[in-house]
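Here's the structure, in structure tokens; my notes come after.
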Amino acid sequence: MTHSVRRSARLFDSAAMAAILSLGWVQSATAQQASEQPAREVETVIVTGSNIRRSNLETTIPITVLDQRAIELRGALLPSELLTSLPSVSNLPENETRLGSSGARGDNANLNLRNMGATATLVLINGRRMAINPFTAGLSQAVNINHLPTQGIARIEVLRDGASSVYGSDAVGGVINYVLRRDFEGVEALLRYSQPEAGGGESVQGAVTFGTRFADDRGRLFGTFEGLSRDATLLTERDFSRTSLNVDRAPAPFNALGGPFDARSARGFWPTFRIGTSTANNFFRPVNGTPALTTAAPSRTTNPEFFLDLNQFGFASPKTTRGNAFLTAEYDISSRLTAFAEFGYYGSSSTMRRQPLALNAPTSDQLMVMPIDSPFNPYGSRFYHVTGAPNTDGTARVVGAPRTVSFTQLTIRDLAVESVETKADVFRIVGGVRGKFGKTWEWESSLFYNEVSGTDDAFPDIRESKLQAAIARTDTSAYNPFGYTFRVANGAVVADQPYTNPQSVVDSFSEVYSRSAESSIASADFRTSGTLFSFWDNEVKAAFGVEFRREELSDVRPPFSGENPAASGLDPLNNDFLLHPPRPDVFGEREVTSAYAETIVPLVSPEREIPLMNSLELTASARFESYSDFGETTKPKIGVNWRPTSWLMVRGSYNEGFMAPSLAALYTSSRWSITAGAGDLDAYRNPFLNEGPYVKRTYFGGNPDLKPQESEGTTYGIVFDVPGIKGLSLTADLWSIDRTNLLGQRSTAQIDASDTALLRAYTQAQIAAGVAVNQIDIGIGATYRGDPDVQRYALTPEDRAAFAAYNAANPTNPAAPAGRIFARYQPFLNLSSSQHEGVDFGFRYAMPRQSWGRILVTSDWSYLDRSRTTLAPVNVAPIENNGLYADGAAKWRSTTNINWDKGAWNAGLGIYHVGKTHDSGATTTQAIYDSLGKPSYIEPFFTAGRTLYRLVIDPVVTYNLSVGYKFEAASPTWLTNTRVRLSIANLTDEPPPLTSGAFGYDAGVSQALLSGRSWSLEVVKKF
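Per the numbering used here, residue 137 is the first one in the sequence shown, and the count goes up by one each step.
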């Protein structure tokens, strides 16, 4: 889908300048004509990135503006579809296709600007921050941009620079500010219908916008109400996602069954199980077309029926109903004092669908044990007897001891597909007063509250203990996972008839998996700005402000959904739902006190007529913040704007920023999991004792000692207004952002490596000090000499004997005795740094009006030159990851808009380009790459200390086209003041590029292409 963006490298490229151009000022205007115009006051506004009111013909910061023309051309139903038109956006790391229950699902999307992650971008409405999506998922807590409105928008300003000195936390990679309309009078109704050609995703959108004045023009009221209903799109409704088996679309060597383009699940309806006390896998599956019990593992080539294609069940996008309301009122108490208020509400209901739940044991789930007396157990007492004696009803049995069956993997038969319903409610309230004092000073004080709440309910989900109880029954009310009955034939147990479990049996273990969450921001602030003093006829302006903010978070799961109640008889550190990991409730709160100052110092103005110094301006700002949880921080920013001539501007800035650790990262309670299967090796003990793997615990959770993530950024740019060609402007901005103290977790391999290195170093030091190797005490608990995130058992006599035997046989490589590992701890830590660099380019040409109309062309390009993250855990070598090309991080992205208007007609063409990327899930070896003749569709790429050979995803170009007509007063009365627009999104019906994974495409990058070519008809009537 294409994009429509107006980028301005200067603030004058905002709605005011666009309006001036649209009035048709042409190059033939003369200086004499200009001198005849009466003097008028230059409008001043506050723009994103500053708290100082100033002329919108001045700026030192790079800012992109999406005005109403660009928003209409994009034709987006959801804010996420609109904002992905920005060339600096890499992907949507969390989006509406998410199915896992750990994070946020439903009508949700987070924005990744400059490939720095969703939490590095601050999102504002009318200059005030939004509360985060409260559904926690480790470190990925960010604002849900789909909570933003789609109607009643004056413009969207995107600051492509750090701004912590103005806004505080999170404004590291940039700031997105939705500026809502206030100047509308009358009533306007909108109705829009959209239909993808391929089916699914049909939508109807309606909106009513109104504005009026009251109390003899002392009061102003504005409001907009918007609603959207969109049907779901099934994965099977698109050729590119109808199956999870896409080897026929992939080139060699990625076209092999079982490879990255074969996402069929081995947890299908044919079960995998163990017999008795054995840990070997057994299978019930078709053999030569007949269901049979077998020890032979299935092959993806010869036994495709065993593997389940999950795409036959699921949605590619959810069924969504959403509504937005925004109301604002102002009342002039006097000529110098105004009261104001804002109210906003967003509500949504979203339904996603996926395959029936599956068992995955003994990792995330418990083994499901079928007793020997179950009538459906083919190895039980119904079919086996130690002497082979028949059953009392005369049916035959086989000689052998009856055994239990323990199920490890299967999709639960006769269970309906899982439906996930998420609901969200968002309230936003602002109230305050603003006024003037002195000659130039203005002030404002307000109270603000924003609350985001939601529920997430999935059904039918499975209570683990109740499923076990149903399987454990010994009569015909037992649950039968095999889906077949059995009989004895020719001295063997064989499948007899297909079996459908009664609905009452399935209902006995089906329940709703539920969670609810809430986040909020409450704040009070005071701000003022004006002229400090003047020199050389230049006004030195300043702004000052203070703010107090309180943030709260709660993420609550009912008993059994989150953790089992202590009195339930179940493991209190686990939960009782299949597949869902145990999660304790999360509660957090903090208070933030802030103060800021900002100034603009114009050193030289054009009136001075200094050669090569048309103008020179300095800016500076700083913000102090005190957090109740981690402490204090102060972040500055300085900028310079130099115009050697009226048509050339050179600008630059330096800023420092920070990101406060999220409440979830600070306060999530610790929980644990166990290593899968037989466990893993002890990196210290195993080289000496050769004991093999064993099971360990791994704890993970919040860390109240986290520090803020820090950043330093620079931007250098030029703005070139081409002489002699009025309306043509070129911009280029080179930016760089370095971050430190980024949050992350050490892997268990890194913890093991650190532990081993520390223990071996301590061993050598003790031996050098004269301590006998078998007498070295590595400590336990607080005195432990290994990695502090490793907890070992105390030495047993068997341990001491094993190490003594090893040391006696290997005197040249001694090892201090150590007990087995009980647990490893993976708290969130400040352990990473990153470097991101790039260049933004802009082109804008507003052609003079001609007899055939006027054309406005804007083209914005983003070049991402560096995206590197260095993980530097203690005691192990740093690991540098190169983030370019993966997950949509193309080096080149661009958006070009061409708009034409003449009289009542207008038209627009949007062109969206995404450069070459890589499929990080499809890699091969150098040997295979060489054997294929080094094909161009595979590219060597160095990251994390090694060269990977990745599948290349070719560039994608898509187009949007729209044509509109406005009926003037001369039209029939019922059509007067009516606008009609026909739009075609994805004009060439470009599908999402093929990537590995079940969907067949990357929804985080290409979800906007899901609909394919889509037609929309929009009618707007003003009354």
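The beta-carbon is built from N, C-alpha and C at its ideal position, and this holds for glycine as well.
Between the segment 924 to 937 and the segment 983 to 997, the count of C-beta pairs closer than 8 Å stays below three; the two stretches do not touch. Under the three-state reduction of DSSP output, Gln900 falls in the helix class.
The three-state secondary structure of Asp935, taken from DSSP, is helix.
Distance check between Asp691 and each of Val259, Leu879, Ser655 and Val1116 places Ser655 closest, using alpha-carbon atoms only. DSSP places Tyr1021 outside both helix and strand once states are collapsed to three, so it counts as coil. If you compare the alpha carbons of Asn280, Leu260, Ala212 and Ile268 with that of Ala245, the shortest gap goes to Asn280.
Counting only runs of 3+ residues, the beta strand (DSSP E) found wholly inside the segment 630 to 673 occupies 646 to 671, in chain order. Counting along the chain, Arg990 sits inside the beta strand (DSSP E) bounded by residues Arg990 to Leu1007. Burial check for Asn777: the Cβ neighbour count within 10 Å reaches 16 or more, so the residue is buried. Note on geometry: alpha-carbon atoms of Phe271 and Pro407 lie some 34 Å from one another.
Setting aside the 5 residues that flank it on each side, His1049 is surrounded in the same chain by Ser1030 and Val1093, each with a C-beta closer than 6 Å to its C-beta; the list follows chain order.
In the DSSP assignment, Ile565 forms a beta bridge with Phe479 and Tyr585. In the three-state reduction of the DSSP assignment, Glu232 falls in the coil class. For Phe376, there is no enclosing alpha helix (DSSP H), as DSSP marks it with neither H nor E. As for any beta strand (DSSP E) of minimum length 3 sitting wholly inside the segment 499 to 586, the runs are 504 to 506, 541 to 547 and 554 to 573, ordered along the chain. Cβ contact annotation for Leu393 (same chain, cutoff 7 Å, sequence separation greater than five): Val383, Arg436 and Thr437, in chain order.
Closest in C-alpha terms to Leu249, from the list Phe760, Glu792, Gly298 and Phe563, comes Gly298. Using a 10 angstroms sphere on the CB of Val728, the tally of other CB atoms reaches 16 or more, which defines it as buried. Minimum Cα-Cα distance from Tyr961 among the listed residues Asp319, Thr811, Thr531 and Pro947 corresponds to Thr811. Distances from the alpha-carbon of Asp597 to those of Asn710, Glu1126, Leu1007 and Pro492 put Pro492 closest.
Per DSSP, Pro1076 lies in no alpha helix (DSSP H); the unbroken beta strand (DSSP E) holding it starts and ends at Ile1074 to Thr1079. Under the three-state reduction of DSSP, Leu393 is assigned to coil, being neither helix nor strand. Cβ contact annotation for Leu784 (same chain, cutoff 8 Å, sequence separation greater than five): Ile854, Val855, Phe856 and Asp857, in chain order.
Below 8 Å, too few C-beta pairs join the segment 565 to 576 and the segment 621 to 634 to call them touching: fewer than three.
At the C-beta level, Ser216 and Asn282 come within 9 Å of one another. DSSP, read as helix, strand or coil, puts His283 in helix.
Here Trp1110 carries a helix assignment [DSSP, helix/strand/coil]. Counting along the chain, the unbroken alpha helix (DSSP H) around Tyr803 starts and ends at Leu799 to Tyr803. Contact between the segment 1108 to 1116 and the segment 197 to 209 is not established, with fewer than three Cβ pairs separated by less than 8 Å. Here Phe684 is bridged, per DSSP, to Ala660 and Thr729.
Cβ-Cβ distances below 6 Å link Ser872 to Thr850 and Glu973 in the same chain, with the five nearest sequence neighbours on each side left out; the list follows chain order. Cβ contact annotation for Ala433 (same chain, cutoff 8 Å, sequence separation greater than five): Asn417 and Phe419, in chain order.
Residue range Glu600 to Ile607 is occupied by the alpha helix (DSSP H) that includes Ala606.
Under the three-state reduction of DSSP, Arg623 is assigned to strand.
Here Gln1143 carries a helix assignment [DSSP, helix/strand/coil]. Between the alpha carbons of Ala1144 and Gly310 lies a distance of about 23 Å.
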